[in-house]
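Take full-length UniProt numbering: the final residue in the sequence shown is number 574, and no numbers are missing along the way.
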Amino acid sequence: MPHSESPPESENSPIPMANVDQEQQNAVAESTTAQVPEAQQPADEDVDMADSNAVLSAPTNGTTHTSKSKAESQAETPNNQETPVPEAAASAPSESKPATGVKLEELFDEMDSDDDEFPTTKAAKREPASSPDLLSSQSDMEIDLHEASDPEVMRTFYQRLFPWRYLFQWLNHSPTPTNDFGHREFAFTLQNDAYLRYQSFTTSDLLRKDVLRLMPSRFEIGPVYTANPRDRKTLRNSSAFRPLSKELCFDIDLTDYDDIRTCCDKANICQKCWQFITMAIKVVDTALREDFGFKHIMWVYSGRRGAHAWVCDKSARALDDQKRRAIAGYLEVIRGGAQSGKKVNLRRPLHPHLVRSLDILKQHFQSDVLEAQDPWRTEDQQEKLLALLPSEQKQLVSALRNKWASSPDRPSALKWADIDSVAKTSTAKNFDTKSLLDAKQDIVLEYTYPRLDIEVSKKLNHLLKSPFVVHPGTGRVCVPIDVKRGLESFDPLGVPTVQSLIREIDEWKKPEPKEGGQEQEVEKHVVDWEKTSLKGYIEYFRSFVIGLMKDEREIKVKRERDEEGGGGGESMEF
Ligand SMILES: [Zn+2]
Numbered sequence: 001m002p003h004s005e006s007p008p009e010s011e012n013s014p015i016p017m018a019n020v021d022q023e024q025q026n027a028v029a030e031s032t033t034a035q036v037p038e039a040q041q042p043a044d045e046d047v048d049m050a051d052s053n054a055v056l057s058a059p060t061n062g063t064t065h066t067s068k069s070k071a072e073s074q075a076e077t078p079n080n081q082e083t084p085v086p087e088a089a090a091s092a093p094s095e096s097k098p099a100t101g102v103k104l105e106e107l108f109d110e111m112d113s114d115d116d117e118f119p120t121t122k123a124a125k126r127e128p129a130s131s132p133d134l135l136s137s138q139s140d141m142e143i144d145l146h147e148a149s150d151p152e153v154m155r156t157f158y159q160r161l162f163p164w165r166y167l168f169q170w171l172n173h174s175p176t177p178t179n180d181f182g183h184r185e186f187a188f189t190l191q192n193d194a195y196l197r198y199q200s201f202t203t204s205d206l207l208r209k210d211v212l213r214l215m216p217s218r219f220e221i222g223p224v225y226t227a228n229p230r231d232r233k234t235l236r237n238s239s240a241f242r243p244l245s246k247e248l249c250f251d252i253d254l255t256d257y258d259d260i261r262t263c264c265d266k267a268n269i270c271q272k273c274w275q276f277i278t279m280a281i282k283v284v285d286t287a288l289r290e291d292f293g294f295k296h297i298m299w300v301y302s303g304r305r306g307a308h309a310w311v312c313d314k315s316a317r318a319l320d321d322q323k324r325r326a327i328a329g330y331l332e333v334i335r336g337g338a339q340s341g342k343k344v345n346l347r348r349p350l351h352p353h354l355v356r357s358l359d360i361l362k363q364h365f366q367s368d369v370l371e372a373q374d375p376w377r378t379e380d381q382q383e384k385l386l387a388l389l390p391s392e393q394k395q396l397v398s399a400l401r402n403k404w405a406s407s408p409d410r411p412s413a414l415k416w417a418d419i420d421s422v423a424k425t426s427t428a429k430n431f432d433t434k435s436l437l438d439a440k441q442d443i444v445l446e447y448t449y450p451r452l453d454i455e456v457s458k459k460l461n462h463l464l465k466s467p468f469v470v471h472p473g474t475g476r477v478c479v480p481i482d483v484k485r486g487l488e489s490f491d492p493l494g495v496p497t498v499q500s501l502i503r504e505i506d507e508w509k510k511p512e513p514k515e516g517g518q519e520q521e522v523e524k525h526v527v528d529w530e531k532t533s534l535k536g537y538i539e540y541f542r543s544f545v546i547g548l549m550k551d552e553r554e555i556k557v558k559r560e561r562d563e564e565g566g567g568g569g570e571s572m573e574f
């Protein structure tokens, strides 16, 4: 286990600044290359083809498929799969710096008290003129006129509101830097759509500085690698650079519901169709907790029309591609895109996961599908429903069609009830009640069961947009959703935009001309995000991260005890 022997970085000097600068120049060089249209791009021997592909393929939605990356093709080689990384080695980097002798509570105290990364309004005002202060120089009206993608709006957000420290702790699993963070890949989408992969940072401050310098329109998080992603080209043996661990992720997007939602389509959403995401989160979250035993699951609004899950348990992060595919397959019930025909056709008896899911989804089907979406109201639409009934029950289908012909625009909820009432009066000799019940269950699932973009979940080296970045189209912040307390009430259209947040900072400090010196003392301790509606989201994120770090530390202590006693490490069981 070579990784565990040498500490990754010295505590007081992470990486010499000169090196960082050199790397940053390289990064810019890559991005400059990417601006050249592909056809005109000169043959450049320094450009690794795999990398230039990655750089040139700017992603168009919240996730990025890394199909062209070198890392992925390595991950697919059978050779690699035959020699899985032992669990102990896989987590070795994070083990290399045991913080023995320090009480956990003290570590948390320390990290909570030091809020330099969250400057107050006052502190920020002292910044040089090279970073213009939107608050002091412009009125609210003018701020509204700024696009969310305006570099100055973004700069203010990343400088003063983004929770860098908690993001670091979340990915690092400890308050002090480890390879869990240092060997983690970040990918930046720049304003010109150039895509920079394999960025890495030893501390949250270095990440913050680079984001402020490059002003990406967004950034994504990839896996922890066996080596520093920036060093990948210097490694003699290409197999020395491969992904080790990453959160298990899920992606649910409302565009996959376009054939069943009637209120909106494409990029548009409303509170009605958001309920599809709410029910999907309930089903997936419950299965991940009850069937797989995961505890640290964070759901994040994707900024426009969907949500991402980050399963952060250590056991989830260590899953190889095969196990990720297995879990994805377990949760996938609805296949295929917009093509017509029956999408759900389940074997009986139903798997317990589906029985439980149906139980969760029944309520939503009644209120959020039948009533809110009214998917079978018109004559054309009702044919979709009739086509999903058992094909052998022709009598029932034609009886329903006749009944509905005399009452055009009969609401879907009534049509759904008609199925049973008409079936009861059936004169057919051997009417198959069971097959009708099964078909109705399949219909409920087709209209409610989560539609997952399963590619996101299958690969260890898939990149996913970071929580708390700003969606450049909507300006909304990708906030975490507190599933236990705020899932039902979560309103995607009420999520703060970067422009509204900047105005909130401004408004918070405005109304106190009569307040004396003491009040100003108080203000000094209030960091900017606490003055805004981002507060609840960041506090939730912080509590999530603290819970994760506590568990992580307990696992580590237990492992150390086991190793001393000659026992093995934890085992992964499914
Ligand atoms: Zn809608």
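Quick reminder that beta carbons are idealized off the backbone N, C-alpha and C, glycines included. Predicted model only: the values in this text are computed from it and were never measured.
Item, Value
"Answer yes or no: do residue 187 and residue 463 have a C-beta to C-beta separation smaller than 7 Å?", "yes"
"Going by DSSP, what residue range makes up the alpha helix (DSSP H) through residue 283?", "271-290"
"Could you please give me the residues that DSSP links to residue 220 through a beta bridge?", "187 and 465"
"With a threshold of 7 Å on Cβ separation, who are the neighbours of residue 382 within its own chain once the five nearest residues in sequence on each side are excluded?", "376, 404 and 415"
"Throw me the rounded Cβ distance for the residue 249 and residue 310 pair, which I believe falls under 8 Å.", "6 Å"
"Please tell me whether residue 151 and residue 460 are closer than 7 Å, where the distance is taken between their beta carbons.", "no"
"Can you have a look at residue 228 and say buried or exposed, based on whether 16 or more other CB atoms are within 10 angstroms of its CB?", "buried"
"Check each residue's C-beta against every heavy atom of ligand 1 and list, in chain order, those closer than 5 Å.", "263, 264, 270, 272 and 273"
"Taking DSSP as the reference, what is the three-state secondary structure of residue 533?", "coil"
"Label residue 558 either buried or exposed according to how many other C-beta atoms from any shown protein chain fall within 10 Å of its C-beta, with 16 as the threshold for buried.", "exposed"
"Taking the beta carbon of residue 564 as the centre, do at least 16 other beta carbons fall within 10 Å, making it buried, or is it exposed?", "exposed"
"Looking at the secondary structure, which residues open and close the alpha helix (DSSP H) in which residue 437 lies?", "433-448"
"Decide if the segment 495-510 is in contact with the segment 522-538; the criterion is three or more beta carbon pairs, one per stretch, under 8 Å apart.", "yes"
"Can you tell me which of the three DSSP states residue 497 falls into?", "strand"
"For residue 247, count the other beta carbons within 10 Å of its own beta carbon; 16 or more makes it buried, fewer makes it exposed. Which is it?", "buried"
"I'd like the list of long-range same chain contacts for residue 91, defined as Cβ closer than 6 Å, with 5 residues on each side in sequence excluded.", "Any reading at residue 91 is ruled out, since the residue's pLDDT is 34, under 50, leaving its predicted position unreliable."
"With a threshold of 8 Å, are at least 3 pairs of Cβ atoms found where one atom belongs to the segment 494-503 and the other to the segment 156-170?", "yes"
"Going along the chain, which residues of its own chain have a beta-carbon closer than 7 Å to the beta-carbon of residue 370, five neighbours each way excluded?", "412, 413 and 416"
"Quick check on residue 298: does DSSP put it in helix, strand or coil?", "strand"
"Among the candidates 185, 167, 280 and 253, whose CA atom is the shortest distance from the CA of residue 362?", "280"
"My output table needs one value for residue 376: the three-state DSSP class, helix, strand or coil.", "coil"
"Rounded to the nearest angstrom, what separates residue 165 and residue 204 at their Cα positions?", "6 Å"
"Here's the rule: buried if 16 or more other CB atoms are within 10 angstroms of the residue's CB, otherwise exposed. What is residue 493?", "exposed"
"Could you tell me whether the Cβ atoms of residue 454 and residue 332 are closer together than 7 Å?", "yes"
"Between residue 276 and chain C, is any beta-carbon pair separated by less than 7 Å?", "Absence of chain C from the displayed structure is noted, only one protein chain being present."
"Alpha carbon to alpha carbon, how far is residue 263 from residue 497?", "23 Å"
"Going by CA-CA distance only, name the one from 351, 560 and 553 that's closest to residue 176.", "553"
"What residue range does the beta strand (DSSP E) around residue 347 cover?", "Neither: residue 347 is in no beta strand (DSSP E) and is coded neither H nor E."
"Please work out which residues of its chain come closer than 7 Å, Cβ to Cβ, to residue 305, disregarding the five sequence neighbours upstream and downstream, and give them in chain order.", "253, 254, 255, 267 and 269"
"Using only the alpha-carbon positions, how far apart do residue 223 and residue 346 sit?", "35 Å"
"For residue 545, does the count of other Cβ atoms within 10 angstroms reach 16, so buried, or fall short, so exposed?", "buried"
"Pop quiz: residue 388 and residue 439 are said to be a contact at Cβ under 8 Å. What is the actual Cβ separation, rounded to whole angstroms?", "6 Å"
"What residues match up with residue 306 in a beta bridge as DSSP calls it?", "253"
"Output needed for residue 495: all residues of its chain with C-beta closer than 7 Å, excluding positions within five of it in sequence on either side, in chain order.", "301, 476, 477 and 479"
"Helix, strand or coil: which one does DSSP assign to residue 480?", "strand"
"Taking only three categories from DSSP, how would you classify residue 527?", "coil"
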